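The next block holds one structure in the form of C-alpha coordinates; read it before the comments.
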Amino acid sequence: MFEQVHMAVAMGNAKESVKRAADEITSDCDEDGAAVFLERYCQVAL
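Residue numbers (my numbering): -7 to 38.
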(Lines of atoms letter the chains of each structure in order from A and count residues from 1; the text may use other names and numbers.)
(Lines give C-alpha, C1' and ligand atoms only; values in the text may rest on other atoms or scores of the structure.)
Protein backbone atom coordinates (compact mmCIF):
# COMPACT_ATOMS: atom_id res chain seq x y z
CA MET A 1 0.00 0.00 0.00
CA PHE A 2 2.86 2.41 0.78
CA GLU A 3 3.96 2.33 -2.87
CA GLN A 4 0.66 3.94 -3.92
CA VAL A 5 0.75 7.03 -1.70
CA HIS A 6 2.63 10.32 -1.76
CA MET A 7 3.80 9.95 1.84
CA ALA A 8 3.76 6.75 3.86
CA VAL A 9 3.34 7.22 7.60
CA ALA A 10 3.74 4.47 10.18
CA MET A 11 2.57 4.51 13.76
CA GLY A 12 5.29 4.35 16.38
CA ASN A 13 4.12 0.93 17.53
CA ALA A 14 4.03 -0.56 14.01
CA LYS A 15 6.12 -3.58 13.06
CA GLU A 16 9.74 -2.76 12.27
CA SER A 17 9.26 -3.75 8.61
CA VAL A 18 6.42 -1.23 8.28
CA LYS A 19 8.46 1.53 9.93
CA ARG A 20 11.41 0.83 7.58
CA ALA A 21 9.09 1.21 4.56
CA ALA A 22 7.55 4.46 5.84
CA ASP A 23 8.62 7.99 4.94
CA GLU A 24 7.62 9.24 8.40
CA ILE A 25 7.04 7.62 11.77
CA THR A 26 4.65 9.24 14.22
CA SER A 27 3.69 8.51 17.82
CA ASP A 28 2.02 5.28 18.94
CA CYS A 29 -1.71 4.92 18.40
CA ASP A 30 -2.16 5.12 22.19
CA GLU A 31 -0.55 8.58 22.02
CA ASP A 32 -2.83 9.87 19.23
CA GLY A 33 -0.13 9.37 16.61
CA ALA A 34 -2.43 10.00 13.65
CA ALA A 35 -3.59 13.33 15.09
CA VAL A 36 -0.02 14.28 15.99
CA PHE A 37 1.09 13.67 12.41
CA LEU A 38 -1.88 15.48 10.86
CA GLU A 39 -1.39 18.50 13.10
CA ARG A 40 2.29 18.68 12.15
CA TYR A 41 1.95 17.83 8.45
CA CYS A 42 -1.21 19.80 7.71
CA GLN A 43 -0.51 22.48 10.30
CA VAL A 44 -4.02 22.29 11.70
CA ALA A 45 -5.25 21.96 15.25
CA LEU A 46 -7.29 18.83 15.82
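Beta carbons are placed, not taken as given, at the ideal position from N, Cα and C, and that holds for glycine.
Note that this is a predicted model, so its numbers are computed, not measured.
For residue i, the first and last residue of its enclosing alpha helix (DSSP H)
i	result
residue 9	8 to 13
residue 34	25 to 34
Alpha carbon of residue i to alpha carbon of residue j, nearest angstrom
i	j	result
residue 8	residue 19	14 Å
residue 31	residue 25	10 Å
residue 12	residue 34	23 Å
residue 5	residue 22	9 Å
residue 62	residue -5	Residue 62 lies beyond the stretch modelled for the chain, which goes from -7 to 38, so this question has no answer here.
For residue i: DSSP bridge partner residues
i	result
residue 16	1
Residue i: CB within 8 Å of a non-hydrogen atom of the ligand COA
i	result
residue 11	As for the ligand COA, it is missing from this structure, which has no ligand bound.
With 16 other Cβ atoms within 10 Å as the buried cut-off, status of residue i
i	result
residue -1	exposed
8 Å contact criterion, which residue i and residue j should meet: CB distance rounded
i	j	result
residue 16	residue 1	5 Å
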